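Q:
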Amino acid sequence: MIPNPNLAVEFLEKEFESIDDYEGMCGELADGIIHWLGENRVSILHLEERSGGLLLRLNGADWVFHMVPIIDGIVHDAWHPHLILPVAEYVERAFPGQAVRAEHFGGEHDGEEISDRAS
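For what it's worth, the working numbering labels the leading residue of the sequence shown as 4, then goes sequentially.
(1) Can you give the Cα-Cα distance for residue 50 and residue 72, rounded to whole angstroms?
(2) Span of the beta strand (DSSP E) holding residue 19?
(3) Between the beta-carbon of residue 24 and the beta-carbon of residue 44, is there less than 9 Å?
(4) Tell me the residue span of the alpha helix (DSSP H) that contains residue 40.
(5) Which first and last residues belong to the alpha helix (DSSP H) in which residue 105 is found?
(6) Tell me, to the nearest whole angstrom, how far the beta carbon of residue 109 is from that of residue 47; I am working on the premise that it is less than 8 Å.
(7) Would you kindly report the start and end of the unbroken beta strand (DSSP E) that includes residue 64?
(8) Could you give the first and the last residue of the continuous alpha helix (DSSP H) run that contains residue 92?
(9) For residue 52, report the span of its beta strand (DSSP E) as first-last.
(10) Could you check what DSSP says for residue 58 in three-state terms: helix, strand or coil?
(11) Out of 107, 81, 86 and 102, state which residue places its alpha-carbon closest to the alpha-carbon of residue 27.
(12) Would the C-beta of residue 96 count as close to the ligand MG, meaning under 8 Å from any of its heavy atoms?
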């Protein structure tokens with residue numbers, strides 16, 4: 004089996020799971036990836052719409068926040084499997100034109116606001 008370049012997707016494949024198994028539980032998936040790869044490689048990116056409104060709609064579900072793993076400085080999002088990017092570029096491509104606040108949890112940048120884009 005060739006490893007998937009998106010390590011969040013690779014984790015799901017390794018566990019014989021899919022994003023359907025984590026519906027509404029993006030934080031649990033990120034936590035599983037931390038346990039798989041270790042805290043020294045993985046931290047979490049918490050994203051929300053600045054006004055507290057709808058961040059995104061995926062598979063018919065409305066999400067007001069999203070959490071994804073940052074692995075070795077790159078975002079690996081199972082819900083956006085082709086966006087394996089540094090944080091700022093990921094936010095721009097995953098949420099174009101939206102006012103998104105992104106905060107980093109874990110590692111040396113714990114609690115640091117990464118992006119607060121007005122749109």
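Quick reminder that beta carbons are idealized off the backbone N, C-alpha and C, glycines included.
In this text, all values refer to a predicted model and were calculated from it rather than measured experimentally.
A: The relevant details are as follows:
(1) 11 Å
(2) Segment: none, residue 19 is in no beta strand (DSSP E) and carries neither H nor E.
(3) no
(4) 29-40
(5) Segment 103-108 is the beta strand (DSSP E) holding residue 105; no alpha helix (DSSP H) there.
(6) 6 Å
(7) 64-66
(8) In the DSSP annotation of this structure, the continuous segment of the alpha helix (DSSP H) that includes residue 92 starts and ends at 90-97.
(9) 45-52
(10) When secondary structure is reduced to three states using DSSP, residue 58 falls in the coil class, being assigned neither helix nor strand.
(11) 81
(12) Although the ligand MG was asked about, the structure shown includes no ligands whatsoever.
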